[in-house]
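In the numbering used here, the protein residues as written are -10 to 373. Everything below concerns the one structure shown next.
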Amino acid sequence: MELTNEQRAYLGLELVEPSWERVEIPNNCVKPELSTGRDILFFDGDILRKVIWAHDSGSFHESAYRLKTQDNRTMIAPITKRGKPKRLNGVNIQRCTPHGVYVEFSGGTDKRGGICIANYTTQQTYYSSSFAGEPYMNTDGLQAFLDKWIADTSTADLAEIQAFAGAKRRRCKYREGDFFRFRYDRRHYGYGRILLDVRQFIKDGGAFWDILMGKALCVSVYHIITENPNVSIEELQLLKSCPSEYMMDNRFYYGEYEIIGNAPLPENHEMIDYPIMYGRSIDGRDKDKICYCRGKEYREIPLAGNTLLKKNFRYSGISFSFHINKTIVEECIRRNSNDPFWESQPGVSYAYDLRNPIYQKELEYVQRQMGIKDDRTLEKDNKF
């Protein structure tokens, strides 16, 4: 499937100008006969302006470039004085930096997927059908989605997406205790809180099982979905939260998740819901020990003489996004419980979470092994 210029305008994409020349090349530059799709290139003279990575299945990725070419468009011109020309093919184009809005569809004719609208320049996402809780769709479903998207777009919406497309990159500060606002979709906001800045905590001398990639933050999402972009932090502190999780700081650093206020967290860290990390040390220099880390509490015991649980409860998986979406939070609100959150978790090793009620026996074992007394009831006290 290839988007029309009308659809591009409503998605924030750069339009294809009538003067641009369209060229198609196989997506396998080494063995074209084994290609599973095509790379659609649009040239404005010798400048490559747009690329659509189109798979035979129906999935595609459209993004904008400003790449100067040479030798009758067979080579990518060097960007620096010391650089060398590179052959113009899909592999080398992907090594170059796009700009502005891109749209990606992961579904296809016989495969269901989602659509994402994001911006390379700002490193922000405008819309993700997966995060919005929309059902996965095939190409026919995508066409219906786009028709509805255009029909629902107001003049203000169109101005907003154009502003998103032309925005500059931001670099924002954040700190522990911050409240933040984010969008589930074009109409609905969610709110959350930063419970722990792992890098800052370690920098300040705190003991932490440092096995998370990137600049990790512990965050939680409140049980609220609203069209109100101005919910106060006082109102938020009265709400329940989904179980906290670790994620990289990118969406905060680049301003996609906006900080709306700050308040001190409870001095008693036992009252805060932190993920529990438990398992054998992965440090090759000191691996014969069992580590336990829950937020700002870190303990370790020798491996010798102690039995390590077989399941991987290290909770070391981390990503750029939440593990929730709008549908899951809606169900948590409806049932006034975090059970829908736990029921949605995949049954794979990186997702094993000792806080999950199905691992109650394992949690009690770990607490006894580590000499920890925990009288909290998360469903009761998970407000901060």
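Beta carbons: idealized from backbone N, C-alpha and C, even for Gly. Treat the numbers as computed from the prediction; the structure is a model and nothing was measured.
Checklist entry - Around the Cβ of Ala140, are there at least 16 other Cβ atoms within 10 angstroms (buried) or fewer (exposed)? => result With fewer than 16 other Cβ atoms within 10 Å, it is exposed.
Next on the checklist: Closer than 8 Å is the cut-off here; do at least three beta carbon pairs connect the stretch 258 to 266 with the stretch 225 to 239?
Outcome noted: yes
Checklist entry - Which residues in the same chain as Arg188 place their Cβ atom closer than 6 Å to its Cβ, once the five residues preceding and following it in sequence are excluded? => result Lys204
Checklist entry - For Ser87, is the classification buried or exposed, using 16 other Cβ atoms within 10 angstroms of its Cβ as the cut-off for buried? => result Checking the displayed sequence, the identity of residue 87 turns out to be Pro instead of Ser. It counts as buried.
Checklist entry - Between His177 and Glu224, is the Cβ-Cβ spacing less than 8 Å? => result No. Outside cutoff.
Checklist entry - Going by beta carbon distance, what residues of the same chain come within less than 6 Å of Lys276, once the five residues before and after it are set aside? => result Ser270
Next on the checklist: Please report the straight-line C-alpha distance between Glu353 and Asp186, rounded to a whole angstrom.
Outcome noted: Each residue's alpha carbon lies about 27 Å from the other.
Item to check | Between the CA atoms of Lys300 and Gly1 - distance to the nearest angstrom | outcome: 45 Å
Checklist entry - Anyone know if the C-beta pair for Met126 and Phe49 falls short of 8 Å? => result no
Next on the checklist: Below 8 Å, how does it come out for the stretch 72 to 79 and the stretch 96 to 108: are there three or more Cβ pairs, yes or no?
Outcome noted: no
Checklist entry - When you compare only the Cα positions, how much space is there between Val40 and Ala121? => result 27 Å
Next on the checklist: Going by DSSP, what residue range makes up the beta strand (DSSP E) through Asp186?
Outcome noted: From DSSP, the beta strand (DSSP E) with Asp186 extends over Tyr178 to Asp186.
Item to check | Whether Asn345 touches Gln334 by CB criterion (8 Å) | outcome: yes
Checklist entry - Secondary structure at Val208, three-state DSSP: helix, strand or coil? => result Reduced to three states, the DSSP call for Val208 is strand.
Checklist entry - Looking at the structure shown, is Trp138 part of a helix, part of a strand, or coil, going by DSSP? => result helix
Checklist entry - How long is the line joining the alpha carbons of Leu297 and Ile200, rounded to whole angstroms? => result 18 Å
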